[in-house]
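The structure appears right after this line, and notes come after that.
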Amino acid sequence: MRLFLICVIVFTNCYYLNAQYKIKASNNYPPFNYIDENGDLVGFNIDLVKAINELYNNQIEISGAEWQAANSLLENEQIDGIAGAHYPGYPDNQHLYTRSVINTSHCFFYNNNYHKTITIEFLRTQKQPVVALWKNDVLVRYVLSINPAAKFVYAANYNQLVDLLEDEQITCAIAQRIGGMYYVTKHQKDYIKTTNHRILERSMGFMLSPGSIELAAIINNATEILLSNGEYQRIYDQWLAEYDKESNGLRDYWRYIILISAIVGFILLLLIVVNRILQARVRRKTHDLQHQLYLNSEIMKELSRQKNKAEQSDKMKSAFLANMSHEIRTPMNGILGFAELLKTQAYSKEEELQFINIIQQSGDRMLNTINNIIDISKIESGNEEAQIKKVNIAKIVSELYDFFSVEADEKGIDLLVEPEINTPLQNFYSDSYKLTSILTNLIKNAIKFTNKGYVKIHYSLNSTELKITVSDTGIGIAPEKQKAIFDYFVQADHSHSSGYEGSGLGLSITRGYVKLLNGEISVSSTPGKGTSFTFVLPNLKTVCTPQELTITEAHAEQVNFSRDNDLNIVIAEDDEISFDFLSHILSDISGSLKRVKNGIDVVKVVRENPATDVVLMDIKLPKINGFEATKRIRTFNKDVYIIAQTAYAQENYKQEAIAAGCDNFIVKPIDKNQLKKILSKLKQPAISE
Numbered sequence: 001m002r003l004f005l006i007c008v009i010v011f012t013n014c015y016y017l018n019a020q021y022k023i024k025a026s027n028n029y030p031p032f033n034y035i036d037e038n039g040d041l042v043g044f045n046i047d048l049v050k051a052i053n054e055l056y057n058n059q060i061e062i063s064g065a066e067w068q069a070a071n072s073l074l075e076n077e078q079i080d081g082i083a084g085a086h087y088p089g090y091p092d093n094q095h096l097y098t099r100s101v102i103n104t105s106h107c108f109f110y111n112n113n114y115h116k117t118i119t120i121e122f123l124r125t126q127k128q129p130v131v132a133l134w135k136n137d138v139l140v141r142y143v144l145s146i147n148p149a150a151k152f153v154y155a156a157n158y159n160q161l162v163d164l165l166e167d168e169q170i171t172c173a174i175a176q177r178i179g180g181m182y183y184v185t186k187h188q189k190d191y192i193k194t195t196n197h198r199i200l201e202r203s204m205g206f207m208l209s210p211g212s213i214e215l216a217a218i219i220n221n222a223t224e225i226l227l228s229n230g231e232y233q234r235i236y237d238q239w240l241a242e243y244d245k246e247s248n249g250l251r252d253y254w255r256y257i258i259l260i261s262a263i264v265g266f267i268l269l270l271l272i273v274v275n276r277i278l279q280a281r282v283r284r285k286t287h288d289l290q291h292q293l294y295l296n297s298e299i300m301k302e303l304s305r306q307k308n309k310a311e312q313s314d315k316m317k318s319a320f321l322a323n324m325s326h327e328i329r330t331p332m333n334g335i336l337g338f339a340e341l342l343k344t345q346a347y348s349k350e351e352e353l354q355f356i357n358i359i360q361q362s363g364d365r366m367l368n369t370i371n372n373i374i375d376i377s378k379i380e381s382g383n384e385e386a387q388i389k390k391v392n393i394a395k396i397v398s399e400l401y402d403f404f405s406v407e408a409d410e411k412g413i414d415l416l417v418e419p420e421i422n423t424p425l426q427n428f429y430s431d432s433y434k435l436t437s438i439l440t441n442l443i444k445n446a447i448k449f450t451n452k453g454y455v456k457i458h459y460s461l462n463s464t465e466l467k468i469t470v471s472d473t474g475i476g477i478a479p480e481k482q483k484a485i486f487d488y489f490v491q492a493d494h495s496h497s498s499g500y501e502g503s504g505l506g507l508s509i510t511r512g513y514v515k516l517l518n519g520e521i522s523v524s525s526t527p528g529k530g531t532s533f534t535f536v537l538p539n540l541k542t543v544c545t546p547q548e549l550t551i552t553e554a555h556a557e558q559v560n561f562s563r564d565n566d567l568n569i570v571i572a573e574d575d576e577i578s579f580d581f582l583s584h585i586l587s588d589i590s591g592s593l594k595r596v597k598n599g600i601d602v603v604k605v606v607r608e609n610p611a612t613d614v615v616l617m618d619i620k621l622p623k624i625n626g627f628e629a630t631k632r633i634r635t636f637n638k639d640v641y642i643i644a645q646t647a648y649a650q651e652n653y654k655q656e657a658i659a660a661g662c663d664n665f666i667v668k669p670i671d672k673n674q675l676k677k678i679l680s681k682l683k684q685p686a687i688s689e
């Protein structure tokens, strides 16, 4: 029905449509009407007039002018009206006003950096608030009605008004809400807030000449239609909605609301349960007393156990530290002692070679001790993680057999591998490094404590688990020691292994790795006859990382090197001794050898020398580390072969190096033969040419 009436009104006034009207709008009253950066007159009232023109097919001409100039034109009847005029609030026989198209109001603006919120009560209680505004008697009287002691700072325009709020001495400002928020948003000062308290509300519409009755009817009817069809709302949302939002007052007090709600809720809950608590207290009292007696008894027992455990732990740690001192000082004695001999006297080449071998063996022994301490500390701290991937059990066992065969032959014992008959090849997933460490520790221990007979490795594999037994015919373990054999520091008390070197941490590391891989380990032993260690590991295929980062040699096969098969090598190493060692072992295979001492310089040198074949990248470099340096090099050079060299032996460092773009990974102390083996593979393509 409403739409029908609107249509009747439209058709009733059709004879007005041929009329021509001229109206003006202020060109400096954003966002209602203003000149934009392109020189166009835009704004809420402008789009409203355009929508009216589209509805009535009327040629209402709207243009911009200074406010005073527009009023003069209207008084002289040179135009028919002014858009965006506020109604005066008193009878005006000189003009005709359309229906209101928008209501405007004033409010207080404040800097949220200086005040969390501003309220009327806050202004009333201030000793001498300073308020920014433009000269307007109505606004001044309103502020003085709140606080007669208020002081004023006058602004000439909105830009100046907004800038005044940057001064901490300014308590607040009072201005037209929508216009003020337009300038706040324009200058991106989101810390300037408004109060929700609206004052001096006024209506805005079209102020027309007294004779423009037809134009008033067109505007009023069109406004009704625009309100009905949603076009008015679209124009409002486009120009004014963003600047006319009310802040949620509750947001300023949410902490207090939550606190009060919590207190009230607690009191209500307390009132509900207090009666039941009082009723149950008598019944519980007797039970609590009995339970307390039981707890006291258990606490005393536990305190006694903990005391004994602490005393035993202190004893073991003291023994461990003493043994560590022995395990470090003994090889150091070999290193420093024989190094001193080599410096002080002249010996035959055979004797010098013997001394060098002793120094190397002592270094290997000390390195093994340090690695054990690092491994056990990682297990103890919980920082060790499993790197699950597909492993070849037969290959691991075969490699360990080859490695330990020499040591077994030297002791005159047999090293046997005994796979279970009909053990099929399975896709077994576990941590290759930790599985190898477990077997290495067990085989090493078995050979160490076996003087005659054999050491045997028996394993079986199916789709769900791997079972391996390492047995020997050695000295065995006393029954009372078998339960504690995997505990830390047990080796350190020399109770069952006097005369055998070692830190006593190997089996502790073994047990830690087995538990990390969700497995179980057990021991059976007879003193004088031998020992068997058995561990079972589940197939961890379900937790395998989807894509494994592995070192590949395919890159080396695609590289063609120059300089008659000599390599252009850059060594990124800040340690002098490490560099001297590398430069000596690489001198015979390098065409050129450059050294840099920090991560920034290695990137620069590789960039300036595109013919670089190999970069030996120390991970711990000054300025930027080796990982970051590698990433930067890969942005401009995908071909150079980068070998990460570091004292960090953990698997996660290896994976991080490969992820950063390294092609290979070698652990300090660097094995000369291992490094040359890697570099020899790089040289093969050039030889084949």
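Residues in the sequence shown are numbered from 1 upward in steps of one, following UniProt numbering.
Yeah, the Cβ is synthetic: ideal placement off N, Cα and C, and Gly gets one too.
**OP:** Reducing DSSP to helix, strand and coil, say where Ala65 ends up.
**Re:** Reduced to three states, the DSSP call for Ala65 is strand.
Subject >> Residues that Arg595 bridges to, as DSSP identifies them >> reply: In the DSSP assignment, the residues bridged to Arg595 are Ile571.
Original post:
In this structure, does DSSP put Gly476 in helix, strand or coil?
Top reply: Here DSSP, grouped into helix, strand and coil, assigns Gly476 to coil.
**OP:** Inspect the CB distances between the region 140-153 and the region 209-226 and report whether three or more fall short of 8 Å.
**Re:** No: fewer than three Cβ pairs fall under 8 Å.
**OP:** Go to His584, then tell me how far its alpha helix (DSSP H) extends in each direction, as first and last residue.
**Re:** His584: member of the alpha helix (DSSP H) spanning Glu576 to Leu586, first to last residue.
Original post:
Which term fits Leu144, buried or exposed, when burial requires 16 or more other beta carbons within 10 angstroms of its beta carbon?
Top reply: Here Leu144 is exposed. Its C-beta has fewer than 16 other C-beta atoms within 10 Å.
Original post:
Roughly how many angstroms lie between the CA atoms of Ser405 and Tyr429, to the nearest whole one?
Top reply: Looking at the two C-alpha atoms, the distance is approximately 27 Å.
Original post:
By Cβ distance below 7 Å, which residues in the same chain neighbour Ile174 in space, the five residues on each side in sequence not counted?
Top reply: Taking Ile174 as the centre and dropping the five residues before and after it, the same chain places the C-beta of His106, Phe108, Val131, Leu133, Leu139 and Val143 closer than 7 Å to its C-beta, in chain order.
**OP:** Go to Gln176, then tell me how far its beta strand (DSSP E) extends in each direction, as first and last residue.
**Re:** Per DSSP, the continuous beta strand (DSSP E) segment holding Gln176 begins and ends at Cys172 to Gln176.
**OP:** Report the three-state DSSP secondary structure of Gly528 (helix, strand or coil).
**Re:** In the three-state reduction of the DSSP assignment, Gly528 falls in the coil class.
**OP:** Quick one: give me the first and last residue of the beta strand (DSSP E) that residue 690 is part of.
**Re:** This structure gives no information on residue 690, because the portion of the chain shown stretches from 1 to 689.
**OP:** Rounded to whole angstroms, what's the CA-CA distance from Phe581 to Ile600? Just pull it up for me.
**Re:** So the two alpha carbons sit approximately 23 Å from each other.
Original post:
Would you say the region 54-64 touches the region 183-190, given that touching needs at least three Cβ pairs under 8 Å?
Top reply: By the Cβ test, the region 54-64 is not in contact with the region 183-190, since fewer than three Cβ pairs between them sit closer than 8 Å.
Original post:
Rounded to a whole number of angstroms, what is the C-alpha to C-alpha distance between Ile257 and Ile263?
Top reply: Their Cα atoms are separated by approximately 10 Å.
Subject >> the region 639-647 in contact with the region 610-621 per 3-pair CB rule at 8 Å >> reply: In short, these stretches touch, since the Cβ pair count reaches three.
Original post:
Is Asn147 near Pro129, with beta carbons less than 8 Å apart?
Top reply: Between Asn147 and Pro129, the CB-CB gap stays under 8 Å.
Original post:
Along the chain, where does the beta strand (DSSP E) that runs through Val143 open and close?
Top reply: Careful: Val143 lies outside any beta strand (DSSP E), inside the alpha helix (DSSP H) at Asp137 to Ile146.
Original post:
Between the Cα of Phe535 and the Cα atoms of Ile658, Ile457 and Ile569, which residue gives the shortest distance?
Top reply: Answer by Cα proximity: Ile457.
**OP:** Taking only the alpha-carbon atoms, compute the straight-line gap between Gly591 and Ile328 and give it to the nearest angstrom.
**Re:** If I take the Cα positions, the gap works out to 40 Å.
**OP:** Just the C-alpha distance for Leu679 and Asn392, rounded to the nearest angstrom, thanks.
**Re:** If I take the Cα positions, the gap works out to 26 Å.
Original post:
To which residues of the same chain is Ala629 closer than 6 Å at the C-beta, ignoring the five residues directly before and after it?
Top reply: Closer than 6 Å at the Cβ level, and outside the excluded window around Ala629, lie Gly599, Val602 and Val603.
Subject >> Where Lys434 sits in the DSSP three-state scheme >> reply: Three-state DSSP puts Lys434 in a helix.
Original post:
Would Ser522 be called buried (16 or more neighbouring beta carbons within 10 Å of its own) or exposed?
Top reply: It is exposed - the Cβ of Ser522 has fewer than 16 other Cβ atoms within 10 Å.
Subject >> Buried versus exposed call for Val273 [16 or more other C-beta atoms within 10 Å across all chains shown] >> reply: Note on Val273: under 16 other CB atoms within 10 angstroms of its CB, so exposed under the neighbour-count rule.
Original post:
Hey, how far is the Cα of Leu367 from the Cα of Asn357?
Top reply: Approximately 15 Å between the Cα atoms of the pair.
**OP:** Using the Cα positions of Ala660 and Tyr641, report the straight-line distance between them to the nearest angstrom.
**Re:** The alpha-carbon atoms of Ala660 and Tyr641 are separated by roughly 13 Å.
**OP:** Might you give, ordered along the chain, the residues of its own chain that have their beta carbon closer than 8 Å to the beta carbon of residue 696, omitting 5 neighbours on each side?
**Re:** What the structure shows of the chain is the stretch from 1 to 689, and residue 696 is not part of that stretch, so it cannot be assessed.
Original post:
If you check the beta carbons only, do Met204 and Thr98 fall under 8 Å apart?
Top reply: Contact flag unset, no.
Original post:
Candidates Glu121, Ala51, Gly453 and Leu682: which alpha carbon is nearest Val615's?
Top reply: Out of Glu121, Ala51, Gly453 and Leu682, Leu682 has the C-alpha closest to the C-alpha of Val615.
**OP:** With DSSP collapsed to three states, give me the class of Glu121.
**Re:** The answer is helix: DSSP assigns Glu121 an H, G or I state.
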